[in-house]
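Student: Here numbering that gives the first Met the number 0 is used: position 373 in the sequence shown is 372, and no number is missing along the way.
Where a beta carbon is used, it is the ideal one built from N, C-alpha and C, also for glycine.
In this text, all values refer to a predicted model and were calculated from it rather than measured experimentally.
Before anything else, here's the structure in question.
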Amino acid sequence: MKTVNIGGVREKIIERSDYPPAKLKKILGKETVAIIGYGVQGRGQSLNLKDNGVKVIIGVRKGPSWKLAMEDGWVPGKTLFEVDEAVRRGTVVQNLLSDAGQKAMWPVVKENLQEGAALYFSHGFSVVYPKQTGVRPPKNVDVILVAPKGSGTTVRRHFLEGRGINSSFAVHQDFTGKARDRCIALGIAIGSGYLFETTFKKEVYSDLTGERGVLMGAIYGLWLAQYEVLREKGHSPSEAFNETVEEATQSLYPLIAENGMDWMYANCSTTAQRGALDWFEPFKKASKPVFKKLYKSVSSGEETRITLEANSKKDYRKNLAKELKAIADSEMWKVGKVVRGLRPENQEGLAAGKKKKRTKKATKASAKKKPAKKKAAKRAKKR
Ligand SMILES: NC(=O)c1ccc[n+]([C@@H]2O[C@H](COP(=O)([O-])OP(=O)(O)OC[C@H]3O[C@@H](n4cnc5c(N)ncnc54)[C@H](OP(=O)(O)O)[C@@H]3O)[C@@H](O)[C@H]2O)c1
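Shown next, in the form of structure tokens:
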């Protein structure tokens, strides 16, 4: 465990090295982990746990998830069960149904939970808003949370690449006196690179704000606004898209990921630097009231109400598909498809052999470039 001073706040960070395989085995060796739901998180977390030597069973209703679980090698009657049976067999029950599914299936989960089990969530949603969800865990179980900061697909992909995903963890109720250890061990075993502590409430408030805000909602809103202005002012679709999305995702965001915002600014033209430094404040000023409104809607439970109402409808997937199709069919994303297709690596004309050659050359070139990159990184760190 490391205490890190982050932005003036001392935070405790749990790393993989704090829970090496022998310690994981000691804590989880006798547990049967029932993963309820086999969506993106259920799939990623269950496969990682299994590969880490944990005894895992899956609990899902018959349907697309059941089929997918069978395709992945889970065996009906042995490692694949209906939800009630899996909950009964689990000493750890990882509730990874969709949040609306958690509400619908709560009576079944609650009825079959064993005393002393650990009831695990990857989102504070169900527990923090009991009025809307009805989820009130009984007193005789541990209630814990590990929330990977990324899609279940990334959880699995990073694990297979030997990397980790950062996750938050929280203990809501400690019945057995072992809740914290169980929680952290599970967090490491599902593939987290490091874990930081939170509460159920803070996790759900920040998560709902983040995905509605900068991570997904706000970013698309901003991109769309800029794209529309450029188009209205007579710029071509490809120019508007390149200046709004392609350059961001292909060039600038990876630089932010590598070394931070100042590093990205430092690696742009002086003209771009001046403009960005002058304009980020007006954008912040314009959007902060919207973020405040959003946070209020999250903390009042309004976002939960809207989400559960929409996602509990029978035709939820059909309506979602319609909304997503409208985005795909909009000019901006039709242009996006064409622009992505123009990336050399996506050009059909490149035969596999040619591709290999280019890759080799590219590897050589990037190998040559590395020292310069390292020097630049050092320079940036010094600043
Ligand atoms: N996705 C993410 O990026 C992410 C990241 C961190 C945390 N989380 C959290 O992880 C949890 C799982 O999310 P997810 O994205 O993996 O969900 P998801 O992909 O939507 O998975 C839904 C699963 O729930 C089942 N399900 C839904 N409604 C059901 C019902 N009424 N009865 C029985 N089964 C039902 C589905 O089965 P069918 O196939 O039969 O419909 C499917 O197996 C959520 O709490 C979420 O907030 C998600």
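Let me check one thing: in DSSP terms, what residues is F195 bridge-paired to?
Tutor: DSSP, once it has assigned bridges, lists I12 and S167 as partnering F195.
Student: From the DSSP output, which residues share a beta bridge with P147?
Tutor: DSSP, once it has assigned bridges, lists S166 as partnering P147.
Student: Helix, strand or coil: how does DSSP classify G209 here?
Tutor: DSSP places G209 in helix when its eight states are reduced to three.
Student: Given a cut-off of 8 angstroms on the beta-carbon distance, is the pair Q40 and G123 in contact?
Tutor: No, Cβ-Cβ distance for Q40 and G123 is not below 8 angstroms.
Student: For F174, which three-state DSSP category applies?
Tutor: Correct three-state label for F174: coil.
Student: Our contact map puts V59 next to V91 with C-beta atoms below 8 angstroms; I'd like the distance itself, whole angstroms only.
Tutor: Not quite, the Cβ-Cβ distance comes to about 16 angstroms (not below 8 angstroms), so this is no contact.
Student: Hey, I13 and L194 are a contact pair by Cβ (cut 8 angstroms); roughly how many whole angstroms apart?
Tutor: Their Cβ separation, rounded to whole angstroms, is 4 angstroms, which keeps I13 and L194 in contact under 8 angstroms.
Student: P19 to G52, Cα distance in whole Å?
Tutor: One C-alpha to the other measures close to 13 angstroms.
Student: I'd like to confirm the pairing. Which residues does DSSP put opposite D141 in its beta bridges?
Tutor: Paired residues: A117.
Student: The alpha helix (DSSP H) with K321 in it runs from where to where?
Tutor: Run containing K321: Y315 to A327, per the alpha helix (DSSP H) assignment.
Student: Just the C-alpha distance for G115 and N139, rounded to the nearest angstrom, thanks.
Tutor: Roughly 6 angstroms separates the two Cα atoms.
Student: Suppose the cutoff is 6 angstroms on Cβ atoms and the five residues either side in sequence are ignored; what does the same chain contact list for P136 look like?
Tutor: L118 and V142, listed in sequence order.
Student: Got a sec? Which residues, its chain only, sit under 6 angstroms from Q101 by beta carbon, not counting five neighbours each side?
Tutor: Excluding sequence neighbours, Q101 sits near N94 and S125.
Student: Mapping DSSP to helix, strand and coil, what is P75?
Tutor: The answer is strand: DSSP assigns P75 an E or B state.
Student: By the three-class DSSP mapping on this structure, what secondary structure does V127 have?
Tutor: Helix, per DSSP.
Student: Pull up the distance between the alpha-carbon of N4 and that of K11, whole angstroms please.
Tutor: When rounded, the distance between both Cα atoms is 9 angstroms.
Student: At a cut-off of 7 angstroms, is S45 close to ligand 1 when judged by its beta-carbon and the heavy atoms of the ligand?
Tutor: Checking the Cβ of S45 against ligand 1 gives no.
Student: Mind checking I187: buried by the 16 CB within 10 Å criterion, or exposed?
Tutor: I187 comes out buried.
Student: M69: beta carbon under 7 angstroms from a heavy atom of ligand 3?
Tutor: With respect to ligand 3, the structure offers nothing, as its ligand set consists of ligand 1.
Student: Please indicate yes or no: does the CB of F124 lie closer than 7 angstroms to some heavy atom of ligand 1?
Tutor: Checking every heavy atom of ligand 1 against the Cβ of F124, one is found closer than 7 angstroms.
Student: Leaving out five residues before and five after V170 in sequence, what residues of the same chain have Cβ atoms less than 6 angstroms from its Cβ?
Tutor: Within the same chain, V170 has close Cβ partners I143, A178, R179 and C182.
Student: Does DSSP put I26 in a helix, a strand or coil?
Tutor: Residue state, collapsed to three classes: helix.
Student: Kindly examine ligand 1 and report whether one of its heavy atoms sits closer than 7 angstroms to the Cβ of S97.
Tutor: Checking every heavy atom of ligand 1 against the Cβ of S97, one is found closer than 7 angstroms.
Student: What is the DSSP secondary structure of T90, reduced to helix, strand or coil?
Tutor: If DSSP states are grouped into helix, strand and coil, T90 belongs with coil.
Student: On the three-state DSSP scale, how would you describe G1?
Tutor: Before going on, a small fix: residue 1 reads as Lys here, not Gly. K1 falls in the strand class under three-state DSSP.
Student: Figure out for me which residue from G133, K77 and R87 has the closest Cα to the Cα of A103.
Tutor: Closest option to A103, Cα to Cα, is G133.
Student: With DSSP collapsed to three states, give me the class of I189.
Tutor: In the structure shown, I189 sits in coil (DSSP, three-state: anything other than H, G, I, E or B).
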